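These notes concern the structure reproduced below.
The structure is reproduced here in structure tokens:
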């Protein structure tokens, strides 16, 4: 483990150098098979994005990047980046929501490689004293798999029965600054929800806990660890973690929160502290940076972010209640008609993003819309993944759904009219 710890910064730097020089993914591990990629069905992608606009999003985009032999980027954008009429721009920055969990998972796996954390021992041993009550012996692995029985604290911050979503946002989210330990305490008050390991239940608190573990084990603030271990080595210049600052610096897309009453106008929710989801959802990034991160992750031990063994653990998924969607260690797997893809999705007030890659890192797809609290918009983005990865099909693309609540993903079956 000591050798891995010493070599990790150089491996990440090597990955960054390859990406910067060639735009290609670093060399793949020998057992990671590569196959020819289907030509994306950009017409199908466009149709899915237009459906997201028809459902209420001001704009949407998809960025499809191929690495290896056929270096090519395809970008499809529709609609507006803001209600002032600015055309959607797929190179601008946005809030990535729960895609942040992939970044946290990488940091944890790096620390595991260095022998600082054993994922099969109680996570409580790697947290500040008193963070979790005595007897809460769920392991770090169970927490990262969302199988720990930890109540999702965001349920207490989002709208309550009879309360308008936008009112809850203004009252408890936009300007409020929460301490991560207080978010965990909010969850703990609800008690352990079930015996760890017995079922899946998505909880943002799980990755707040992992962020706290990163801080405790390194003795450094989470944003600093994220910057030094991932952002700077990979040259992710448009990715940041600025909690509790509310603004998105530089050119960025405006995010809009949908009212429960669809006759009311969209609410500009771009400015918000992000502290209510912290390491579980507060990263700001761009499509290009998400691609760079995913391709470096999938490189495994050959110049990637984590070792081959760590990547295999992250990809060792278990079922969720939604068909064709499984979850590993901070990675979600979706089974499409042409094979499995890995990544994550994220919804945070005003923004929806799905970021996925083939297992060999040869193609990444980032789909985005600037409206939240709208399940039909989510469905439109999910429907773009099949044509983007698998190309044209004689039959209709399968309807793989991941319907999510703002800042608190929920894996649910497809429904025709979803407001959650």
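Residue numbers (the numbering used here): 433 to 852. Glycine residues also receive a C-beta, built at the ideal position from the N, C-alpha and C atoms. Remember, it's a predicted structure, so these values are computed and weren't measured experimentally.
Point to revise | Closest Cα partner of residue 784 within the set 490, 637, 608 | key: Nearest C-alpha to residue 784: 490.
Check your understanding: Between the beta-carbon of residue 641 and the beta-carbon of residue 555, is there less than 9 Å?
Key -> Yes, Cβ-Cβ distance for residue 641 and residue 555 is below 9 Å.
Exercise for review: Alpha carbon to alpha carbon, how far is residue 674 from residue 458? Give it in angstroms, no decimals.
Suggested key: In this predicted model, residue 458 has a pLDDT of only 37, less than 50, meaning its place in the structure is not dependable; the value taken from the coordinates is given anyway. Here the alpha carbon of residue 458 sits roughly 29 Å from the alpha carbon of residue 674.
Exercise for review: Take residue 536 and list the residues in its own chain whose beta-carbon comes closer than 6 Å to its own, dropping the five residues that flank it on each side.
Suggested key: Excluding positions up to five away in sequence, the list reads 639, 642, 643, 711.
Practice item. Indicate whether the contact test is met: 3 or more Cβ pairs, each with one atom in the region 692-709 and one in the region 808-820, closer than 8 Å. Key: Contact between the region 692-709 and the region 808-820 is absent, because fewer than three Cβ pairs lie under 8 Å.
Exercise for review: Quick one: measure Cβ to Cβ for residue 613 and residue 558, integer angstroms, because I've assumed they're closer than 8 Å.
Suggested key: Beta-carbon to beta-carbon, residue 613 and residue 558 are separated by about 14 Å, too far to satisfy the 8 Å threshold.
Exercise for review: Can you tell me which of 724, 763, 687, 790 puts its alpha carbon nearest to the alpha carbon of residue 468?
Suggested key: The candidate whose alpha carbon is nearest that of residue 468 is 790.
**Study point:** Inter-residue Cα distance where the pair is residue 627 and residue 574
**Key:** Looking at the backbone, the Cα of residue 627 and that of residue 574 are separated by about 11 Å.
**Study point:** Cut-off 7 Å between Cβ atoms - residues of its own chain near residue 568, not counting five sequence neighbours on either side
**Key:** Excluding positions up to five away in sequence, the list reads 556, 624.
Review point. Can you tell me where the alpha helix (DSSP H) with residue 788 in it begins and where it stops?
Key: Counted as a single uninterrupted DSSP element, the stretch harbouring residue 788 is not any alpha helix (DSSP H) but the beta strand (DSSP E) occupying residues 783-789.
Check your understanding: Taking the beta strand (DSSP E) that residue 504 falls in, what are its first and last residues?
Key -> Taken as a continuous stretch (DSSP letters only), the beta strand (DSSP E) holding residue 504 covers 504-511.
Exercise for review: Can you tell me which of 736, 721, 606 puts its alpha carbon nearest to the alpha carbon of residue 728?
Suggested key: Ranking 736, 721, 606 by Cα distance to residue 728 puts 736 first.
Check your understanding: What three-state label does DSSP hand residue 662 in the structure shown?
Key -> In this structure, residue 662 counts as helix in the three-state DSSP scheme.
Review point. Secondary structure at residue 493, three-state DSSP: helix, strand or coil?
Key: Under the three-state reduction of DSSP, residue 493 is assigned to strand.
Practice item. Using a threshold of 9 Å, state whether the C-beta atoms of residue 738 and residue 538 are closer than that. Key: Cβ distance < 9 Å, so residue 738 and residue 538 count as in contact.
**Study point:** Cutoff 7 Å; reference residue 533; Cβ partners in own chain excluding five residues on either side
**Key:** If the five residues before and after residue 533 are omitted, its C-beta is found closer than 7 Å to the C-beta atoms of 639, 712, 762, 776, all from its own chain and listed in chain order.
Exercise for review: Return the residue from the list 546, 513, 589 that minimises the CA-CA distance to residue 607.
Suggested key: Selected option, being the one with the closest Cα: 589.
Practice item. Could you tell me whether the Cβ atoms of residue 473 and residue 744 are closer together than 9 Å? Key: No; because the gap between Cβ atoms is not below 9 Å, this pair is not in contact.
Practice item. Check the DSSP bridge columns for residue 772 and list the partner residues they point to. Key: 767.
Point to revise | Coil, strand or helix - residue 684 by DSSP | key: The answer is strand: DSSP assigns residue 684 an E or B state.
Review point. Is there a Cβ from chain C that is less than 9 Å from the Cβ of residue 637?
Key: The structure shown contains no chain C, having only a single protein chain.
Check your understanding: Can you find a heavy atom of the ligand NAD that lies under 8 Å from the Cβ of residue 650?
Key -> No copy of the ligand NAD occurs in the structure displayed, which carries no ligand at all.
Practice item. Pull up the distance between the alpha-carbon of residue 717 and that of residue 684, whole angstroms please. Key: So the two alpha carbons sit approximately 9 Å from each other.
Point to revise | Cβ shell of residue 816 (< 7 Å), same chain only, five flanking positions each side left out | key: So the qualifying residues of the chain are 477, 480, 481, 494, 799.
Check your understanding: CA-CA distance, residue 766 and residue 759?
Key -> Roughly 9 Å separates the two Cα atoms.
Practice item. Go through its chain and collect everything with a Cβ distance to residue 594's Cβ below 8 Å, but skip five positions before and after it. Key: In the same chain as residue 594, and ignoring 5 residues on each side of it, no C-beta atom comes closer than 8 Å to its own.
Point to revise | Minimum C-alpha distance to residue 420 - residue among 475, 725, 629 | key: Not covered by the structure: residue 420. The range shown for the chain is 433 to 852.
Review point. If you run the structure through DSSP and keep just helix, strand and coil, what is residue 705?
Key: DSSP places residue 705 outside both helix and strand once states are collapsed to three, so it counts as coil.
Review point. For residue 768, which residues from the same chain have a beta carbon less than 6 Å from its beta carbon, with the 5 sequence-adjacent residues on both sides left out?
Key: Closer than 6 Å at Cβ, skipping near neighbours: 818, 821, 822.
Point to revise | Whole-Å CB distance - residue 511 paired with residue 483, under 8 Å assumed | key: The pair is not a contact, with the Cβ atoms about 12 Å apart (cut-off 8 Å).
Point to revise | Buried versus exposed, by CB contacts within 10 Å (16 or more), residue 630 | key: Note on residue 630: under 16 other CB atoms within 10 angstroms of its CB, so exposed under the neighbour-count rule.
Practice item. Can you check DSSP and say which residues form a bridge with residue 797? Key: As a beta-bridge residue in DSSP terms, residue 797 pairs with 496, 788.
Review point. Cβ atoms of residue 598 and residue 692: under 9 Å apart, would you say?
Key: Yes; because the gap between Cβ atoms is below 9 Å, this pair is in contact.
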